[in-house]
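Take a look at the structure below.
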Amino acid sequence: MKLLKLASDGIFAFSIVPLRAAAILGTLAIMGSCLYALYSLYAKFWLHSPQGFTAIIFVVTFYRE
(Lines of atoms letter the chains of each structure in order from A and count residues from 1; the text may use other names and numbers.)
(Lines give C-alpha, C1' and ligand atoms only; values in the text may rest on other atoms or scores of the structure.)
Protein backbone atom coordinates (compact mmCIF):
# COMPACT_ATOMS: atom_id res chain seq x y z
CA MET A 1 0.00 0.00 0.00
CA LYS A 2 2.84 2.35 0.81
CA LEU A 3 4.45 1.62 -2.55
CA LEU A 4 1.21 2.45 -4.36
CA LYS A 5 1.00 5.76 -2.49
CA LEU A 6 4.61 6.50 -3.38
CA ALA A 7 3.94 5.66 -7.03
CA SER A 8 0.86 7.88 -7.18
CA ASP A 9 2.80 10.73 -5.55
CA GLY A 10 5.53 10.31 -8.14
CA ILE A 11 3.06 10.36 -11.02
CA PHE A 12 0.91 13.28 -9.88
CA ALA A 13 3.48 15.47 -8.14
CA PHE A 14 5.73 16.06 -11.13
CA SER A 15 3.21 15.91 -13.94
CA ILE A 16 0.94 18.37 -15.67
CA VAL A 17 -1.48 15.62 -16.68
CA PRO A 18 -3.93 16.21 -13.79
CA LEU A 19 -3.97 19.94 -14.51
CA ARG A 20 -4.62 19.36 -18.20
CA ALA A 21 -7.31 16.79 -17.42
CA ALA A 22 -9.07 19.27 -15.12
CA ALA A 23 -8.85 22.00 -17.77
CA ILE A 24 -10.28 19.70 -20.45
CA LEU A 25 -13.07 18.55 -18.14
CA GLY A 26 -13.94 22.16 -17.26
CA THR A 27 -13.97 23.16 -20.93
CA LEU A 28 -16.26 20.24 -21.77
CA ALA A 29 -18.60 21.22 -18.92
CA ILE A 30 -18.79 24.82 -20.15
CA MET A 31 -19.42 23.69 -23.72
CA GLY A 32 -22.14 21.31 -22.54
CA SER A 33 -23.89 24.04 -20.55
CA CYS A 34 -23.76 26.44 -23.50
CA LEU A 35 -25.22 23.79 -25.80
CA TYR A 36 -28.00 23.08 -23.32
CA ALA A 37 -28.75 26.80 -23.02
CA LEU A 38 -28.95 27.06 -26.82
CA TYR A 39 -31.32 24.09 -26.86
CA SER A 40 -33.54 25.80 -24.29
CA LEU A 41 -33.69 28.90 -26.51
CA TYR A 42 -34.59 26.69 -29.47
CA ALA A 43 -37.31 25.03 -27.39
CA LYS A 44 -38.67 28.43 -26.36
CA PHE A 45 -38.97 29.92 -29.82
CA TRP A 46 -39.72 26.91 -32.04
CA LEU A 47 -41.15 24.19 -29.81
CA HIS A 48 -43.20 26.54 -27.57
CA SER A 49 -41.91 25.29 -24.25
CA PRO A 50 -43.80 26.09 -21.03
CA GLN A 51 -43.51 29.57 -19.60
CA GLY A 52 -40.48 29.91 -17.35
CA PHE A 53 -38.67 26.85 -18.74
CA THR A 54 -35.91 28.84 -20.43
CA ALA A 55 -35.38 31.11 -17.43
CA ILE A 56 -35.04 28.15 -15.09
CA ILE A 57 -32.61 26.42 -17.45
CA PHE A 58 -30.44 29.54 -17.68
CA VAL A 59 -30.44 30.06 -13.91
CA VAL A 60 -29.58 26.44 -13.18
CA THR A 61 -26.95 26.25 -15.92
CA PHE A 62 -25.11 29.52 -15.38
CA TYR A 63 -25.68 30.31 -11.69
CA ARG A 64 -22.37 30.83 -9.98
CA GLU A 65 -21.99 31.29 -6.28
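Using numbering that gives the first Met the number 0, the first residue of the sequence shown is number 0, and each one after it goes up by one.
All C-beta atoms in this analysis are idealised placements derived from N, C-alpha and C, irrespective of residue type, glycine included.
The structure presented is a predicted model; accordingly, all values stated were derived computationally and were not measured.
DSSP-derived helix/strand/coil call for residue i
i, result
"glycine 9", "helix"
"proline 49", "coil"
"serine 14", "coil"
"methionine 30", "helix"
"tyrosine 62", "coil"
Assess, as a yes-or-no matter, whether the region 13-25 is touched by the region 42-62 under the definition of 3 or more beta carbon pairs within less than 8 Å. no
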